[in-house]
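Engineer: Residue numbers (the UniProt record's numbering): 1 to 227.
Every residue gets a Cβ at the ideal spot worked out from N, C-alpha and C, and that includes glycine.
Okay, handing you the structure first.
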């Protein structure tokens, strides 16, 4: 499994590399945005760990560039605690984020969780809604809307599938975070709102009046159709 780490701090690169190699990953490193783009093209990594603050092209622009062509899982790193940076990355399709300083073991756990979500090998059946307007295929992690394949990040897919697979249940934001992360995650509840906004933009004719993912005020979200 190939992982690209992008950070301008050599010490951080070396520490993350050591932990990933110890867990049997093939690791590539880049210290600048342009070097990262070159290595993404050359090595086609299965996951990218991407620092937001880089000396040339920043991580947000790298994320935009990658999302133009594929859904490679991306975990953003930031030295800032500013929610705006985090939410911008999530809105653009990042799968997860970590705020520096962090424990390398936790990053490895996050990587493993994101990669498990990205694994297309599942035996669950299709979920079909509204006379086949919406079809969710867990096996391949594909979503079809009006017979068109919809591009979604793995995190977006997991949120949609979690809600659609239990349509009568109301999920709080913290429940959704726990469900898709797979372990205790001290993150922003607002990160779920950002992912929900992206899903609605892709599936709803009128995102401000959604019919698939409904907001239950003061509680969380639930799916709008029964299986």
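1. With DSSP as the reference, please indicate the residues paired to residue 51 in a beta bridge.
2. Got a sec, what are the start and stop residues for the beta strand (DSSP E) residue 26 sits in?
3. Have a look at residue 184 and residue 156 and give me their C-alpha separation to the nearest angstrom.
4. Taking the C-alpha atoms as reference points, what is the distance between residue 99 and residue 132?
5. So residue 180 and residue 221 are in contact, right, with Cβ under 8 Å, and what is the actual spacing, rounded?
6. Across the stretch 207 to 220 and the stretch 105 to 117, are there enough close Cβ pairs to call them in contact, namely three or more that are closer than 8 Å?
7. For residue 103, count neighbouring C-beta atoms within 10 Å of its own C-beta (all shown protein chains included) and say buried if the count is 16 or more, exposed if not.
8. Quick one: residues in its chain with C-beta nearer than 7 Å to the C-beta of residue 55, no 5 flanking neighbours on either side, listed in chain order?
9. What's the gap between the Cα of residue 95 and the Cα of residue 44?
10. If you draw a straight line from the alpha carbon of residue 199 to that of residue 60, how long is it in whole angstroms?
11. Taking the alpha-carbon of residue 87 as reference, which of 202, 193, 207, 1 has the nearest alpha-carbon?
12. From residue 73 to residue 167, what does the alpha carbon distance come to, in whole angstroms?
13. By Cβ distance below 6 Å, which residues in the same chain neighbour residue 30 in space, the five residues on each side in sequence not counted?
14. Which one of 28, 42, 46 has the shortest CA to CA distance from residue 154?
Structural biologist: With the structure as the only source:
1. Along the chain shown, one-based indexing puts residue 51 at 51. For residue 51, which the question treats as bridged, DSSP gives the partners 77.
2. By one-based count along the chain shown, residue 26 stands at place 26. Residues 26 to 30.
3. Numbered from its first residue, the chain shown carries residue 184 at position 184. Numbered from its first residue, the chain shown carries residue 156 at position 156. Reliability fails at residue 184, whose pLDDT of 46 lies under 50, so the model's placement of it is uncertain and the value that follows must be treated cautiously. Cα to Cα, residue 184 sits roughly 19 Å from residue 156.
4. If you number the chain shown from 1, residue 99 lands on position 99. If you number the chain shown from 1, residue 132 lands on position 132. The straight-line gap from Cα to Cα measures roughly 41 Å.
5. Residue 180 sits at position 180 when you count from the first residue of the chain shown. Residue 221 sits at position 221 when you count from the first residue of the chain shown. Incorrect: roughly 13 Å between the Cβ atoms, too far for contact.
6. no
7. Numbered from 1 along the chain shown, position 103 holds the residue referred to as residue 103. Classification for residue 103: exposed.
8. Position 55 of the chain shown, counted from the start, is the residue given in the question as residue 55. So the list reads 8, 32, once near-sequence residues are dropped.
9. Mapped onto the chain shown, residue 95 falls at position 95. Mapped onto the chain shown, residue 44 falls at position 44. Going from the Cα of residue 95 to the Cα of residue 44 covers about 17 Å.
10. On the chain shown, position 199 is the one that residue 199 refers to. On the chain shown, position 60 is the one that residue 60 refers to. Taking the straight line joining both Cα atoms gives about 20 Å.
11. In the chain shown, counting from the first residue as 1, residue 87 sits at position 87. The residue with the shortest Cα to Cα distance from residue 87 is 193.
12. Start at 1 with the first residue of the chain shown, and residue 73 comes out as number 73. Start at 1 with the first residue of the chain shown, and residue 167 comes out as number 167. Roughly 27 Å separates the two Cα atoms.
13. Position 30 of the chain shown, counted from the first residue, corresponds to residue 30. Taken in chain order, the residues that qualify are 6, 36, 39.
14. Start at 1 with the first residue of the chain shown, and residue 154 comes out as number 154. Among 28, 42, 46, the Cα nearest to that of residue 154 belongs to 46.
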